[in-house]
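Numbering (our numbering), first residue to last: 2 to 435. The beta carbon of each residue, even a glycine, is placed where N, CA and C say it ideally should be. Reading through the structure tokens given below for one structure.
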Ligand code: DOR
């Protein structure tokens, strides 16, 4: 394996506090050395030959830990016309992600060791780290718990029925107890189906515009409040996925203040857009939970700033053009997000003045790695060589032709976004290069 020497870059690492010019030498998938200056010639001599060392000039670039996305839908097995593990991993690498956690709403669902092994083995053939959650219930039906011990043993990193809210309280409680025992996170799609008329579109301005019932904010509030109550005293690490309402953010804030092990994810679309985007883009901005109001978007940003919401996760949800061409209430919910997540963060959080780039990296790498117990999200000697090079000065129009994902269901095509991933290194090898 070739060694890589990254020279002249500006290294930021929220975990170890690195923040300055440093060179980094990578070998055998690990970071061998970090220092003010590492001499390329000396390294060449040591590796015996020019060809065994690649020197990357990172002058003017930020060098950060590879991003970690704990919420992606790679649709494999079962829906590979939308995405597969190979194309999903390519999109991830292009977006600067070196570790991703697949959701379990595949077909078959990841409710058995066989399916989990299929996913993890295929993931190993890609250039990044592909992890997966196991299902909470068999077939995502919400009725019968999976063999969570076996799934944990086989390598699941968490549990979720994301895509389908878990309605039955006794099932949720049992699953929480099991996850506490296993010391694994359980993540929740918080939408109470009993109050939703049409999912994916906010009840309010957007639903009125389309003349449909839509999905009220109360759907999310009910379920977050319920799950906080159910988790009380259990010590389970719970993860509230794709939070969309200001009330939801406040519930998580209060639960966190009470000492509960509660985490939350915000998607780039929920901190960037409101229901106006649904009115403008229709099915391309239809997702569960829906885009809501400006006050919600601002509350989500405030939640990210004070780390009530400790993770940015994309909910990368590819669908085919044919599916998204259906009428609004019949089209599936979800948008792709891996290739726009970092630029949206730089544009709408960092450049907009809400946070530093270091904080953005913390939310997109260090924190999610910690919640899911992944050896990732930091830059240190002896640690994994999962590193990205970012040019924060470049602005680019996001174009359909350049998308690495199989799908292009996103309202961001044509938008000018700031920040570009120039190189993604994972396990010491170049996984993507601009
Ligand atoms: O919009 C969504 N799409 N939200 C989810 O939680 C699931 C996802 C999907 O699987 O398409």
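Residue 79 to residue 39 span [Cα, whole Å]: Walking along the chain shown from the start, residue 79 turns up at place 78. Walking along the chain shown from the start, residue 39 turns up at place 38. Cα to Cα, residue 79 sits roughly 48 Å from residue 39.
DSSP-derived helix/strand/coil call for residue 327: As a first step, residue 327 is located in the chain shown; it is residue number 326 there, counting from the start. Coil, per DSSP.
Distance CB(residue 114)-CB(residue 124) smaller than 9 Å: Sequence index remark: in the chain shown, residue 114 carries index 113 (1-based). Sequence index remark: in the chain shown, residue 124 carries index 123 (1-based). Their beta carbons are not under 9 Å apart, which means residue 114 does not touch residue 124 by this criterion.
C-alpha distance - residue 100 paired with residue 354, whole-angstrom precision: For the purposes of this step, residue 100 is identified with residue 99 of the chain shown, where counting begins at 1. For the purposes of this step, residue 354 is identified with residue 353 of the chain shown, where counting begins at 1. About 27 Å.
Candidates 221, 261, 187, 268, of which the one nearest residue 243 by Cα: Taking the chain shown and counting its residues from 1, the one referred to as residue 243 is at position 242. Ranking 221, 261, 187, 268 by Cα distance to residue 243 puts 268 first.
The region 67 to 81 contacting the region 30 to 47, beta-carbon criterion three pairs below 8 Å: no
Heavy atom of the ligand DOR within 8 Å of residue 273 beta-carbon: For the purposes of this step, residue 273 is identified with residue 272 of the chain shown, where counting begins at 1. Flag unset: Cβ of residue 273 not near the ligand DOR.
Under the three-state DSSP convention, the category residue 317 falls into: Position 316 of the chain shown, counting from 1, holds the residue named residue 317. Of the three classes helix, strand and coil, the one that applies to residue 317 here is strand, per DSSP.
For residue 305 and residue 411, the rounded distance between their alpha carbons: As a position in the chain shown, residue 411 is number 410, starting the count at 1. As a position in the chain shown, residue 305 is number 304, starting the count at 1. Taking the straight line from one Cα to the other gives about 23 Å.
C-beta atoms of residue 8 and residue 60 nearer than 9 Å: Counting from one through the chain shown, the residue named residue 8 turns up at place 7. Counting from one through the chain shown, the residue named residue 60 turns up at place 59. Yes, the Cβ-Cβ distance between residue 8 and residue 60 is below 9 Å.
Exposed unless 16 or more other CB atoms sit within 10 angstroms - verdict on residue 388: Translated into positions along the chain shown, residue 388 becomes position 387. Flag for residue 388 reads buried.
Cβ-based burial, residue 362 [other Cβ within 10 Å; buried from 16]: Stepping through the chain shown from its first residue, residue 362 is reached at position 361. It counts as buried.
Inter-stretch contact (C-beta, 8 Å, three-pair minimum) for the region 395 to 403 and the region 374 to 387: no
Assigned secondary structure, residue 383 (DSSP; H/G/I helix, E/B strand, else coil): For the purposes of this step, residue 383 is identified with residue 382 of the chain shown, where counting begins at 1. Note: residue 383 maps to coil in three-state DSSP.
First and last residue of the uninterrupted beta strand (DSSP E) at residue 19: As a working mapping, residue 19 is identified with position 18 in the chain shown. Element bounds for residue 19: 19 to 28.
Contact check, residue 157 vs residue 143, beta carbons under 9 Å: As a first step, residue 157 is located in the chain shown; it is residue number 156 there, counting from the start. As a first step, residue 143 is located in the chain shown; it is residue number 142 there, counting from the start. No, Cβ-Cβ distance for residue 157 and residue 143 is not below 9 Å.
Residue span of the beta strand (DSSP E) that contains residue 418, given as start and end: For this step, residue 418 is matched to residue 417 along the chain shown. Taken as a continuous stretch (DSSP letters only), the beta strand (DSSP E) holding residue 418 covers 417 to 427.
7 Å Cβ shell around residue 250 - same chain, five flanking residues per side excluded: Taking the chain shown and counting its residues from 1, the one referred to as residue 250 is at position 249. The answer, listed in chain order, is 244, 300, 301, 304, 309, 310.
8 Å contact criterion, which residue 204 and residue 217 should meet: CB distance rounded: On the chain shown, position 203 is the one that residue 204 refers to. On the chain shown, position 216 is the one that residue 217 refers to. With a Cβ gap of about 4 Å, residue 204 and residue 217 count as contacting.
Shell residues, 6 Å Cβ cut-off relative to heavy atoms of the ligand DOR: 74, 106, 163, 164, 190, 288, 289, 316, 318, 333, 334, 335
Minimum C-alpha distance to residue 261 - residue among 229, 120, 326, 207: Numbered from 1 along the chain shown, position 260 holds the residue referred to as residue 261. It is 229 whose Cα lies nearest to the Cα of residue 261.
Residue of 207, 264, 266 minimising C-alpha distance to residue 281: Here residue 281 refers to the residue found at position 280 of the chain shown. Residue 207 is the option with its Cα nearest to residue 281.
Bridge partners - residue 132, DSSP secondary structure assignment: Here the question's residue 132 lines up with position 131 in the chain shown. Per DSSP, 102.
From 187, 121, 95, 181, residue whose alpha carbon lies closest to that of residue 138: Counting from 1 along the chain shown, the entry for residue 138 is found at position 137. Ranking 187, 121, 95, 181 by Cα distance to residue 138 puts 187 first.
Cβ-Cβ separation, residue 35 to residue 4 (assumed contact under 8 Å), whole Å: As a position in the chain shown, residue 4 is number 3, starting the count at 1. As a position in the chain shown, residue 35 is number 34, starting the count at 1. About 14 Å separates the two Cβ atoms, so there is no contact after all.
C-beta contact flag for residue 71 and residue 191 at 9 Å: Taking the first residue of the chain shown as position 1, residue 71 is located at position 70. Taking the first residue of the chain shown as position 1, residue 191 is located at position 190. Going by C-beta atoms, residue 71 is not nearer than 9 Å to residue 191.
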